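Asker:
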Amino acid sequence: QVQLVESGGGLVQPGGSLRLSCVFSGNIFSLYTMGWYRQGPGKQRELVAQITSAGNTNYADSVKGRFTISRDDAKNLVYLQMNSLKPEGTAVYYCNARRKVTDYWGQGTQVTVSS
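Position 8 of the sequence shown, counted from 1, bears residue number 91 in this note's numbering, the numbering being contiguous throughout.
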């Protein structure tokens with residue numbers, strides 16, 4: 084069974100940076116498309132960034148140019164580097180692993196952007 088554990092969330096001032104990490108276990112990491120989603124207060128969960136097993140990336144328009152997703156297949160890790168954070172980025176950030184029609188989710192990590 085795939086398990087995902089996120090880390091790296093916290094409180095950051097507007098304009099600051101954070102790096103989220105997600106460790107994958109329970110299957111062959113390199114076969115999965117990995118993604119980061121977020122759910123803000125009173126909002127639906129939305130895709131932030133995604134990276135395929137081939138390394139192709141996709142970003143929400145709201146984070147393009149500020150966030151970078153990357154993966155380390157040797158360490159079963161996926162990262163989300165978040166720069167120039169804005170208050171609207173306050174949310175619980177979830178790691179996602181997808182293969183064919185199956186999704187796995189982590190428990191989420193809170194990111195709060197506030198002065």
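Just so it is clear, CB atoms sit at the ideal spot from N, CA and C, and this is done for glycine as well.
All values reported here derive from a predicted model rather than from experimental measurement.
How many angstroms separate the CA atom of Gln-193 from the CA atom of Thr-173?
Answerer: The residue given as residue 193 occupies position 110 in the sequence shown. The residue given as residue 173 occupies position 90 in the sequence shown. If I take the Cα positions, the gap works out to 8 Å.
Asker: Would Ile-199 be called buried (16 or more neighbouring beta carbons within 10 Å of its own) or exposed?
Answerer: Since the first residue shown for the chain is 84 and the last is 198, residue 199 is missing from the structure and cannot be characterised.
Asker: Please state the DSSP three-state secondary structure of Gly-93.
Answerer: Position 10 of the sequence shown, counting from 1, holds the residue named residue 93. Residue state, collapsed to three classes: strand.
Asker: Whole angstroms is fine: what's the gap from Gly-125's alpha carbon to Val-175's?
Answerer: Taking the first residue of the sequence shown as position 1, residue 125 is located at position 42. Taking the first residue of the sequence shown as position 1, residue 175 is located at position 92. If you take the alpha carbons of Gly-125 and Val-175, they lie about 11 Å apart.
Asker: With distances taken between CB atoms, is the gap from Thr-116 to Ser-136 smaller than 9 Å?
Answerer: Sequence index remark: in the sequence shown, residue 116 carries index 33 (1-based). Sequence index remark: in the sequence shown, residue 136 carries index 53 (1-based). It is a contact, given that the beta carbons lie within the stated cut-off.
Asker: Can you say whether Arg-121 is buried or exposed, counting buried as having 16 or more other CB atoms within 10 angstroms of its CB?
Answerer: Residue 121 sits at position 38 when you count from the first residue of the sequence shown. Flag for Arg-121 reads buried.
Asker: If you run the structure through DSSP and keep just helix, strand and coil, what is Asp-155?
Answerer: Start at 1 with the first residue of the sequence shown, and residue 155 comes out as number 72. Three-state result, Asp-155: strand.
Asker: Nearest CA to the CA of Pro-170: which residue from Gln-86, Val-88, Val-95?
Answerer: Taking the sequence shown and counting its residues from 1, one reaches residue 170 at position 87. Pro-170 has its Cα closest to that of Val-95, out of Gln-86, Val-88, Val-95.
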